[in-house]
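Visitor: Have a look at this one.
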Amino acid sequence: MAPEQIRQVVLDILARIAPDEDLSDLDDAIAFRDQMELDSMDFLDIVMELRKMYRVQIPEEDYENLVTMASTVSYLTPLLKDVDSPA
Amino acid sequence: MTNAEMYNSRIVITGVGLTSPIGDSLTDLRGNLLAGKSGVTEFETRYMPPVLAGVCHFDALKYQKRKEVRRGTRAGSIAVYCANEAVNDAGFDWENVARDRVGVYLGITEHGNVETENEIYEIGKFGYDTSVWSHHHNPRTVANNPAGEVTLSLGVTGPHLTVGAACAAGNAGFIQGLQMLRLGEVDMAIAGGVSESIHTFGIFASFKSQNALAHHDDPTKACRPFDTGRTGIVVAEGGAICTLERLPDALARGAKIYGEIVGHAMNSDATDFVLPDRNRQSQCIELALKRAGLTPQDIDIVSSHATATEQGDIEESSALAAVFKDHPNVAINNTKSFIGHAMGAAGAIELLGNIPAFDDGIAHATINLDHLDPNVPLTQIVANEPRQLDSVDCILNNSFGMLGINSVLIVKKYQD
């Protein structure tokens with residue numbers, strides 16, 4: 106998947122785990138937690154969804170890479186480079 | 002006990018919130034009970050053909066965000082809905098209530114089966130890889146979950162717990178609240194019972210294996226307590242929660258008073274895992290009457306527990322016959338015939354659906370009673386059509402459960 110497709114995957118995950126949030130103006134450079142209600146259990150949902158969807162195992166020491174949309178996409182790009190994008 | 006202490010120990014119902022297969026408010030539930038409307042429908046469950054169930058249709062988003070619904074449990078949503086409805090109905094100035102003096106006490110038949118089954122189903126899609134088992138599983142399945150979700154919703158910082166009491170749980174929740182008020186542990190109790198049981202296949206499959214799961218071509222006729230044509234239990238979901246207060250507190254704030262809990266009792270059969278015992282049941286009823294200072298002749302309506310299993314119906318009716326043999330005019334009715342067995346919520350819903358009788362004097366019916374089982378030794382059952390009584394001052398509510406747990410509550414029309 107290309108970075109833009111990965112961004113959409115993460116956006117779709119956020120929409121499922123935070124269904125009350127308006128994500129249309131999400132700023133990729135600002136921490137998720139600073140622009141939406143997202144606690145540690147929600148954050149683990151992001152990790153879990155990626156694990157379920159793409160068998161991506163993200164070790165706890167790498168969680169710091171999932172702070173913003175930009176950092177998340179950057180971190181996932183090499184891990185998902187050989188994965189087909191969702192239909 | 003001094004007169005002042007006795008006065009302060011009087012516990013009254015001041016607010017009601019409920020959801021049931023035939024109504025998400027007391028007004029709607031009562032209207033459908035008097036109209037004879039069943040809430041039993043066909044229902045899809047996993048791994049087995051469609052079953053019959055009582056399904057609720059309340060709006061969970063009335064008091065929860067979508068994220069809270071997703072994160073919590075169905076029992077939690079039911080509890081949050083009912084508790085908020087009760088608190089609103091009671092007319093509290095909630096922001097100024099001392100919420101560290103509020104307790105939440107909810108009866109449950111079971112909790113966690115739904116969530117565990119869901120997770121096993123989910124990891125089954127991944128070859129039973131436990132690394133995709135949800136981190137939400139534990140907070141969803143801790144036994145206090147439904148009561149805990151109420152505290153989160155209402156900002157209650159006093160005690161909360163669930164009371165595991167099988168199908169006696171609805172009454173048990175009220176009794177726990179009453180006792181905590183009398184002990185001075187809290188100044189207001191949010192008490193009742195909830196159930197999400199229809200969302201696990203296991204409860205249906207287990208009753209099916211026990212030859213105790215109801216079936217009928219017409220779902221509305223499936224639940225038939227006391228009737229020779231009964232085929233077993235219809236499982237339902239639901240919840241019913243009251244705000245309970247000490248009488249002086251309720252009067253001081255000018256609260257509406259639905260009724261006073263004047264008698265209660267719980268005991269155990271100590272005889273069998275599933276089969277009930279008429280002797281212990283009648284003892285439980287008599288203990289509640291004694292504590293209330295009442296005789297059987299003082300009771301106007303008996304809300305029966307009968308689930309439409311042969312032995313359950315016969316044991317309870319025999320217990321009632323023993324206690325009420327000299328009271329031919331008592332009206333015995335049954336709510337499960339309308340909505341099925343709402344498990345942990347059953348006793349609470351069944352009691353509350355009868356409470357408006359204090360005002361309208363009507364005993365709602367037991368529907369689907371076409372051929373009274375000759376082994377049911379009762380002449381006082383209100384069959385199929387509501388019965389207008391001269392007046393209703395006392396309602397006795399039976400609620401019994403597996404492992405031989407019995408509970409009885411007596412509510413009296415409020416009088417000074």
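Residue numbers (our numbering), protein chains in the order written: chain P, 106 to 192; chain X, 2 to 417. Heads up, the beta-carbon is just placed ideally off N, CA and C, and yes, glycines get one too. Note that this is a predicted model, so its numbers are computed, not measured.
Just the C-alpha distance for X:Val164 and X:Met181, rounded to the nearest angstrom, thanks.
Guide: Position 163 of the second sequence, counting from 1, holds the residue named residue 164 of chain X. Position 180 of the second sequence, counting from 1, holds the residue named residue 181 of chain X. Distance between the alpha carbons of X:Val164 and X:Met181 is about 13 Å.
Visitor: Along chain P, which residues have their Cβ under 7 Å away from the Cβ of X:Arg455?
Guide: Only positions 2 to 417 of chain X appear in this structure, which leaves residue 455 of chain X out of reach.
Visitor: In chain P, which residues lie with their C-beta within 8 Å of the C-beta of X:Ser132?
Guide: Counted from its first residue, the second sequence places residue 132 of chain X at position 131. Simply Arg156, Gln162.
Visitor: P:Ile135: which of P:Asp187, P:Thr177, P:Asp117 sits nearest, CA to CA?
Guide: Position 30 of the first sequence, counting from 1, holds the residue named residue 135 of chain P. Ranking the options by Cα distance to P:Ile135, first place goes to P:Thr177.
Visitor: DSSP state of X:Gly125, grouped into three classes?
Guide: Residue mapping note: residue 125 of chain X aligns to position 124 of the second sequence, counting from 1. In the structure shown, X:Gly125 sits in a helix (DSSP, three-state: H, G or I).
Visitor: For X:Glu287, which residues in the same chain have their Cβ closer than 7 Å to its Cβ, ignoring the five residues on either side in sequence?
Guide: Residue 287 of chain X sits at position 286 when you count from the first residue of the second sequence. Closer than 7 Å at Cβ, skipping near neighbours: Val324.
Visitor: Alpha carbon to alpha carbon, how far is X:Leu53 from X:Ile350?
Guide: Position 52 of the second sequence, counting from 1, holds the residue named residue 53 of chain X. Position 349 of the second sequence, counting from 1, holds the residue named residue 350 of chain X. Each residue's Cα considered, the two are about 19 Å apart.
Visitor: Can you pull the chain X residues whose beta carbon is under 7 Å from the beta carbon of P:Leu185, in chain order?
Guide: Translated into positions along the first sequence, residue 185 of chain P becomes position 80. Residues of chain X passing the Cβ test: none, with the nearest at roughly 18 Å.
Visitor: What separation, rounded to the nearest whole angstrom, lies between the Cα atoms of X:Ser39 and X:Gly194?
Guide: In the second sequence, residue 39 of chain X corresponds to position 38, counting from 1. In the second sequence, residue 194 of chain X corresponds to position 193, counting from 1. Each residue's Cα considered, the two are about 21 Å apart.
Visitor: On the DSSP bridge assignment, give the partners of X:Lys413 in chain order.
Guide: In the second sequence, residue 413 of chain X corresponds to position 412, counting from 1. Answer is X:Glu261, X:Cys395.
Visitor: Which residues in chain P have a C-beta closer than 9 Å to the C-beta of X:Lys63? List them in chain order.
Guide: Locating residue 63 of chain X in the second sequence gives position 62, where the first residue counts as 1. In chain order: nothing, as chain P lies at least about 14 Å away.
Visitor: Return helix, strand or coil for X:Thr20, following the three-state DSSP convention.
Guide: Along the second sequence, read from residue 1 onward, the residue named residue 20 of chain X stands at position 19. Reduced to three states, the DSSP call for X:Thr20 is strand.
Visitor: On the three-state DSSP scale, how would you describe X:Phe325?
Guide: On the second sequence, position 324 is the one that residue 325 of chain X refers to. Helix, per DSSP.
Visitor: Bridge partners of X:Cys285, per DSSP?
Guide: Translated into positions along the second sequence, residue 285 of chain X becomes position 284. DSSP, once it has assigned bridges, lists no residue as partnering X:Cys285.
Visitor: Would X:Ser21 pass as a contact of X:Leu34 if the rule is Cβ separation under 7 Å?
Guide: Here the question's residue 21 of chain X lines up with position 20 in the second sequence. Here the question's residue 34 of chain X lines up with position 33 in the second sequence. Contact flag unset, no.
Visitor: Can you grab the Cα-Cα spacing for the pair X:Glu43 / X:His216, in whole Å?
Guide: Here residue 43 of chain X is taken as the residue at index 42 of the second sequence, counted from 1. Here residue 216 of chain X is taken as the residue at index 215 of the second sequence, counted from 1. Computed Cα separation, rounded: 10 Å.
Visitor: Mind checking who P:Thr182 pairs with in its DSSP beta bridge?
Guide: Here the question's residue 182 of chain P lines up with position 77 in the first sequence. In DSSP, P:Thr182 forms no bridge with anything.
Visitor: Is it the case that the Cβ atoms of X:Ala84 and X:Val151 are separated by a distance below 7 Å?
Guide: Locating residue 84 of chain X in the second sequence gives position 83, where the first residue counts as 1. Locating residue 151 of chain X in the second sequence gives position 150, where the first residue counts as 1. Yes, the pair counts as a contact, with Cβ atoms nearer than the cut-off.
Visitor: Grab the span of the beta strand (DSSP E) containing X:Tyr106 for me, first residue to last.
Guide: If you number the second sequence from 1, residue 106 of chain X lands on position 105. That run of the beta strand (DSSP E) goes 103-109.
Visitor: I want to see whether chain X comes within less than 7 Å of P:Leu149, judged by CB atoms only; does it?
Guide: If you number the first sequence from 1, residue 149 of chain P lands on position 44. So, interface residue.
Visitor: What do you reckon, are the CB atoms on X:Asn335 and X:Thr367 nearer than 7 Å?
Guide: As a position in the second sequence, residue 335 of chain X is number 334, starting the count at 1. As a position in the second sequence, residue 367 of chain X is number 366, starting the count at 1. Yes, the pair counts as a contact, with Cβ atoms nearer than the cut-off.
Visitor: Measuring alpha carbon to alpha carbon, tell me which of X:Thr15, X:Gly32, X:Asn9, X:Ile12 ends up nearest X:Ile363.
Guide: Along the second sequence, read from residue 1 onward, the residue named residue 363 of chain X stands at position 362. Closest by alpha carbon: X:Gly32.
Visitor: Considering only their Cβ atoms, is the gap separating X:Ser318 from X:Val377 smaller than 7 Å?
Guide: Translated into positions along the second sequence, residue 377 of chain X becomes position 376. Translated into positions along the second sequence, residue 318 of chain X becomes position 317. Yes, Cβ-Cβ distance for X:Val377 and X:Ser318 is below 7 Å.
Visitor: Report buried or exposed for X:Asn146, applying the criterion of at least 16 other Cβ atoms within 10 angstroms of its Cβ.
Guide: Here residue 146 of chain X is taken as the residue at index 145 of the second sequence, counted from 1. Under this definition X:Asn146 is a buried residue.
Visitor: Considering only DSSP beta bridges, list what X:Leu162 is partnered with.
Guide: Here residue 162 of chain X is taken as the residue at index 161 of the second sequence, counted from 1. According to DSSP, which records beta bridges pairwise, X:Leu162 is partnered with X:Tyr106.
Visitor: Between which two residues does the beta strand (DSSP E) carrying X:Phe44 extend?
Guide: To locate residue 44 of chain X, count along the second sequence from 1; it is residue 43. Element bounds for X:Phe44: 41-44.
Visitor: Counting only the same chain and skipping the five closest in sequence on each side, list residues whose C-beta sits under 8 Å from that of X:Gly260.
Guide: Here the question's residue 260 of chain X lines up with position 259 in the second sequence. Closer than 8 Å at the Cβ level, and outside the excluded window around X:Gly260, lie Val13, Ile14, Ile356, Phe359, Ile396, Val412, Lys413, Lys414, Tyr415.
Visitor: Which complete beta strand (DSSP E) runs does the stretch 67-108 of chain X hold, if anything under 3 residues is left out?
Guide: With a minimum length of 3 residues, no continuous beta strand (DSSP E) run stays inside the stretch 67-108 of chain X.
Visitor: Within the continuous beta strand (DSSP E) that includes X:Leu245, where are the two ends?
Guide: Within the second sequence, residue 245 of chain X is the residue found at index 244, counting from 1. Segment 239-247, the beta strand (DSSP E) holding X:Leu245.
Visitor: In this structure, does DSSP put X:Asn369 in helix, strand or coil?
Guide: In the second sequence, counting from the first residue as 1, residue 369 of chain X sits at position 368. X:Asn369: coil per DSSP, three-state reduction.
Visitor: Pull the bridge partners of X:Ser269 from the DSSP assignment, please.
Guide: As a working note, residue 269 of chain X is residue 268 in the second sequence. BP columns for X:Ser269 point to X:Ile406.
Visitor: Label X:Phe274 either buried or exposed according to how many other C-beta atoms from any shown protein chain fall within 10 Å of its C-beta, with 16 as the threshold for buried.
Guide: Along the second sequence, one-based indexing puts residue 274 of chain X at 273. Looking at its Cβ environment, which holds fewer than 16 other Cβ atoms inside 10 Å, X:Phe274 is exposed.
Visitor: Please classify X:His372: is it buried, with 16 or more other beta-carbons within 10 angstroms of its beta-carbon, or exposed?
Guide: The residue labelled residue 372 of chain X in the question sits at position 371 within the second sequence. X:His372 comes out exposed.
Visitor: In the structure shown, what three-state DSSP assignment does X:Phe175 receive?
Guide: By 1-based counting over the second sequence, the position of residue 175 of chain X is 174. Reduced to three states, the DSSP call for X:Phe175 is helix.
Visitor: To test your reading of the DSSP string, which unbroken beta strand (DSSP E) runs of 3 or more residues are found completely within the stretch 314-363 of chain X?
Guide: For the stretch 314-363 of chain X, whole beta strand (DSSP E) runs of length 3 or above, ordered along the chain, are 332-334.
Visitor: Taking 7 Å as the cut-off, decide whether the C-beta atoms of X:His112 and X:Ala61 are in contact.
Guide: The residue labelled residue 112 of chain X in the question sits at position 111 within the second sequence. The residue labelled residue 61 of chain X in the question sits at position 60 within the second sequence. No, Cβ-Cβ distance for X:His112 and X:Ala61 is not below 7 Å.
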